[in-house]
Amino acid sequence: MSDPVLKTIIRLCSLFSNIDKKTDQVRTRELINAYLNNHTKDEFVEQFLYVYDFYVNQQNTNTVENFLKKASLRAVKAIRLINSVNKELLLREKYLFVILLLEIVRFKENILPEEFDFIETIAISFNLNEKEFYNLKKFVLSPWKDIPEKKNFIIINNNKNPGNSEYKHIYREHLEGNICLLQIKSINSIWFYYDGQQKLFRNNKEIKPNKIYAFQKGNSISSYKVGFQNIKLKPIYYTEIGIKLTDNPDFKKITFEVSDVEFQYPNSKNGIKKFSFKSESHLFVAIIGPSGAGKSTLLNLLNGNLKPSSGQVLINGIDLHQAKEKIKGVIGHVPQDDFLFEELTVYQNLYFNAKLCFSDYSEEKIKKTVENVLEELDLYDIKDLKVGTEVRKIISGGQRKRLNIGMELMREPAILFVDEPTSGLSSNDSTNLVNTLREQTLRGKLVIINIHQPSSEIFKLIDQLIVLDDKGYVVYTGDALDALVYFKTLSNQINPSEKECTSCGNVNPELILEIIEEKTINEEGRYTLERKVPPEEWYTIFNENKRDEIKVFDKIKELPLVHFKIPGSFKQFSIFSKRNLLSKLSNTQYLLIGLIEAPLLATILGFFTKYNIGTSSNPKAYIFSENLNITAFILMSIIVSLFIGLLISAEEIIKDQKILMREKFLNLSRFSYINSKVAFLFILTAIQSITYVLIANYILEIKGLTFQYWLVLFSTGCFANILGLVISANLRSVIAIYILIPFLIIPQILLSGTIVKFDKLHSSLTTKEYPPLVADLMPSRWAFEALAVSHFVDNTYEKNYFDIDKLESDVSYKLNFLIPKIASLLDEWRTITITGNDLQKINKLSETISKTMRNSLIDIPNTEARIIGIENLALNQRLNKFQSFLDFSKLFYSDYLDKILYKRDLITQEIVIQSNNQEQYINFKKEFYNEAIANMVLKNDDSEKLFIKENKIIRRYEPIFMTPSNSFGRTHFYSAVKKLGNQYFSTTYFNVLIIWIISLILYLSLLLDNIKLVNIKPFNIVTKYAKNKLFRKV
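Residue numbers (this note's numbering): 90 to 1123.
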């Protein structure tokens, strides 16, 4: 209050006290003195009293006296003074002034009508609520039984049967007389007076009979001053009064009981030692303790995030950890860190939260609920501002905290846990925030917070205190202010009964921790590292002297009605998707990078891999068929899809971990949440893939394969999206994720079948017949094969020839490689017969030749008939029979090859005719057929065209034209088709299907949350190394 305002108040007091010359000026001066002590410093009180005396004496002069005899003129002067301060005074200060005036005339035998008029004029000018003013006037000036609105009135006495049910009553044994209390709702304050002669104290300050006092948060009334000894009257706490005033017969009470709970981390001595605690609705509970004592652990133990090693946490008698379904929605949790969507506005954060909490609300009611929360938490003016990050702040720290709390308060949980609500806030913001939480107890909630260093003002708001010492020892539970007396008494402090400063009214909560952690002093007068009282001793002392301040009555089995209803899975998916989309659209940087990255990389790769071989007429001419870099382009395109897919998804879940922790209490669908992420990422990947393919294929002049490229790259990108979500869900830090990405990408490159050929890998991994099994786990291997095969098989030129080329390849292989190989085996047979007649080796050769003829030369007419029963012949006869069949085969395949080549020429002639001339035909081939791709899938650079394995000759010649024999889809690399049972499928679509199957397996593990990388030691080592070494502050 400013100096001019206070002087005006003093002038009004002087006017009022001079209405009746019989006014007790000594008592009036005492009342004004007490009023001034609450509004200014001690050294200024006398100055203002001098002002009061001056105006009183001035008005006592004859001239002034004659002037003031006219009540109307006095009223005019009073109104002028009132108007000058009306807009300077808060509503509470206006009521305080009115109470002062009422107290001045309280004990007068006859109160003049002019005095009533003066007070009423001020009340009207101050716009005080008419009913509240009338109630207050009766409370101060009349017997308490005459108070009109008794619902805001409480009487405390030792009468067990008060009889009258109109007013609220609290029984207190040993109380002499009555304590009368009145609530003024408009300023959320309680006032009281005591009409007995017993010695009572308000926070250790003696209460004078029949004097009006404010009963504030943190206050208590008791009949003792020292310690916990010789207590006659049970203390009366502000919370008890608050509960009584808000008493609602329909309200379902919450009892919260911690029974012998103990918790210990696996393979560690750290945790929470056994303790018990009781609380209930309407209470504000705080946990304090030294840093590292385990306050957050204790909070998570109480809210159900951690399961105790022993003991129970009971809510209305229901075990929190054994019956979580029953407790669903009763508990709310606000973590220390933000659980806000930084890209959304304040309003949008609350709006989507409301959509997830109230599925049965109409759109209009949802908006109304959000607006109510905004107004209640004083956030309405910033509702359209983005939340922003903690580093790049848009709204203040206090506003962020209020928004976090509003997100949880919206659904009205009966028990609210808040972890470190004041961390990072200014003193003023901290007090305002804790006041907001304290007000929730008036609505029947039990609020439990974890706070490090509460200020005096905050400490006074706390009803119950839990003091946690080092090593997880709970060394005190009970009334907050009594904790000061308790520890001061045990440590033999001076004035142990003082809860607060007698002059300023402040309390010193830091004293509790100072006493607990006090060190011993050595002979040199210096503090040592050894504590005077170790945690174990404080723990023992408390448990020996423990007494419950809050009596919890019957263990009510019925829980409060949960005010929220979560939507079904599909609706949740819709809400999650909208929320995710809006957050992405509002993040311009993410959007630009996400949409530009793919086309930019396509441009870079297309430009650098566009190899211009030139022609004699144009040295800079680009010829697609001669571009040797297409194979490298395909591989890089696959790696780009994998890399971008991982980048856009790797942080999707880890950045929501805090939000997910909070939404755990809502029991929202993980299925819907994951699918909303997957759907967005798949759509973004589809857009990225098509822009990449269109631009890159345009630059490199790849024609007719747009869909195949898009399908393969999109499928690969979707796999990377799912893989990114998996690691995002299971690693604890973003650093670890980005360190892990190279370990995921490099094997994809190595085992793609291009950089290092499969048969050149370590001998323990590979076979010459099939790709290694480890490579089959890599989507890059399936993607590369799909695109390489599609590039050869599906290009517009080769489509005309593929079937005939396959026949030509098969016949050429048999004529040029298989038959000569069999001939060499027959020569080896003859050599063995001449030199040593090794029967075992001859039989092995015979078996190999027989198998090969039956399996590979089956297209020769009557093959089986020609060699049937050959195993029963003598060795020489068998050798001759094989030789005879082999000679016939040469003739047959020579003739067959001529026919095939003739058919191929006919196809060529037809295409030439359609192309008008030979030159256009050559250009047609150059436009669609790439030699580098053909050389790769035909393996023209491979000198080994076949090999023998287990008495069987296996083909390696031109794998693209080989027909697979395995009926389970496992084939050689670059096979044009895959075989399942008796059906053949295009390699492109089969491989895409395999990529989706791998993705599906990862997707199911993501839904079930089965992969826990955080529990695998190598990943812990990577994370720890990154934190300690790579990102260590210098």
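For every residue, glycine included, the Cβ atom is placed at its ideal position computed from N, Cα and C.
Bear in mind that the values here come from a model prediction, so they are computed numbers and not experimental data.
Residues near Val347 by beta carbon distance below 6 Å, same chain, minus five either side: Excluding positions up to five away in sequence, the list reads Ser365, Phe366, Val402.
Option in Phe760, Leu387, Cys269, Glu501 with minimal Cα separation from Lys234: Cα-wise, what sits closest to Lys234 is Cys269.
Pro232 versus Lys226: straight-line alpha-carbon distance, rounded: CA-CA distance, Pro232 to Lys226, rounds to 11 Å.
Straight-line gap, Lys577 to Ile655 (C-alpha atoms, nearest Å): Each residue's Cα considered, the two are about 50 Å apart.
Residue range of the alpha helix (DSSP H) that includes Gly734: Secondary structure note for Gly734: its alpha helix (DSSP H) is the uninterrupted segment 719 to 738.
Closer than 7 Å: Leu439 CB and nearest the ligand HEM heavy atom: Among the components of this structure there are no ligands whatsoever, and the ligand HEM is therefore not found.
Whole-angstrom distance between Ile273 and Phe222, CA atom to CA atom: Rounded to whole angstroms, the gap between the alpha carbons of Phe222 and Ile273 is 9 Å.
Own chain residues within Cβ distance below 6 Å of Ile537, not counting five before or after: Val374, Phe506, listed in sequence order.
CA-to-CA distance, Leu915 to Leu934, given in whole angstroms: Looking at the two C-alpha atoms, the distance is approximately 8 Å.
Segments assigned beta strand (DSSP E), at least 3 residues, entirely inside the stretch 876 to 917: Qualifying beta strand (DSSP E) stretches: none in this window.
Ile361 - partner residues in DSSP beta bridges: Its beta-bridge partners are Phe352.
Same chain, Cβ closer than 8 Å to Ile931, neighbours up to 5 away in sequence not counted: Close CB contacts of Ile931 within its chain, under the 8 Å cut and outside five residues either way in sequence, are with Trp918, Ile921, Thr922, Leu964 (chain order).
Sequence ranges, beta strand (DSSP E) only - wholly within the stretch 405 to 446, length at least 3: You should have 420 to 423.
Beta-carbon proximity of Leu439 to Gly495, cut-off 8 Å: Cβ atoms of Leu439 and Gly495: closer than 8 Å.
Cα-Cα separation, Asn1126 to Ile748: Shown here, the chain extends from 90 to 1123; a query on residue 1126 therefore has no answer.
Among Leu736, Gly734, Gly695, Leu735, the one whose alpha carbon lies nearest that of Leu717: The residue with the shortest Cα to Cα distance from Leu717 is Gly695.
Every unbroken beta strand (DSSP E) within the stretch 938 to 989, with a cutoff of 3 residues, ordered by chain: Qualifying beta strand (DSSP E) stretches: none in this window.
Coil, strand or helix - Glu369 by DSSP: It is a strand residue.
Host alpha helix (DSSP H) of Trp280 (start-end): Not the alpha helix (DSSP H): Trp280 falls in the beta strand (DSSP E), residues 278 to 283.
Check whether Ser106 and Val145 have beta carbons under 8 Å apart: Cβ atoms of Ser106 and Val145: closer than 8 Å.
Buried or exposed (CB count within 10 angstroms, at least 16 for buried), Gly307: Around the beta carbon of Gly307, 16 or more other beta carbons sit within 10 angstroms, so the residue counts as buried.
Element boundaries [alpha helix (DSSP H), containing Thr780]: 759 to 789 is the extent of the alpha helix (DSSP H) around Thr780.
Spatial distance of Asn905 from His1061 (CA atoms): So the alpha carbons of these two residues sit roughly 21 Å apart.
Inter-stretch contact (C-beta, 8 Å, three-pair minimum) for the stretch 728 to 740 and the stretch 813 to 828: The stretch 728 to 740, when compared against the stretch 813 to 828, does touch it at the 8 Å Cβ threshold.
6 Å CB neighbourhood of Leu1069 in its chain, flanking five on each side removed: Closer than 6 Å at Cβ, skipping near neighbours: Gly1058.
Beta carbon of Thr780 nearer than 8 Å to that of Ala687: If you check the CB distance, Thr780 and Ala687 come in under 8 Å.
Cβ separation of Asn1019 and Ile719, assumed to be a contact under 8 Å, to the nearest whole Å: The pair is a contact, with the Cβ atoms about 5 Å apart (cut-off 8 Å).
Asn1055 (DSSP reduced to helix, strand or coil): Shown here, Asn1055 sits in coil according to DSSP, grouped into three states, outside any helix or strand.
Minimum Cβ-Cβ distance from Gly695 to chain D less than 8 Å: Of the protein chains in this structure there is only one, and it is not chain D.
Straight-line gap, Leu995 to Val767 (C-alpha atoms, nearest Å): Rounded to whole angstroms, the separation of the alpha carbons of Val767 and Leu995 is 52 Å.
Proximal residues to Phe732 (C-beta, below 7 Å), its chain only, five neighbours per side dropped: Around Phe732: Ile834.
Three-state secondary structure (DSSP) of Arg751: Helix at Arg751.
Where Ser714 falls: helix, strand or coil (DSSP): Three-state result, Ser714: helix.
Residue range of the alpha helix (DSSP H) that includes Tyr1092: According to the DSSP assignment, Tyr1092 belongs to the alpha helix (DSSP H) that extends over 1076 to 1097.
Thr805 vs Ile682 beta-carbon contact at 8 Å: Taking 8 Å as the Cβ cut-off, Thr805 and Ile682 do not qualify as a contacting pair.
Exposure of Asn810, with buried meaning 16 or more beta-carbon neighbours within 10 Å: Label assigned to Asn810: buried.
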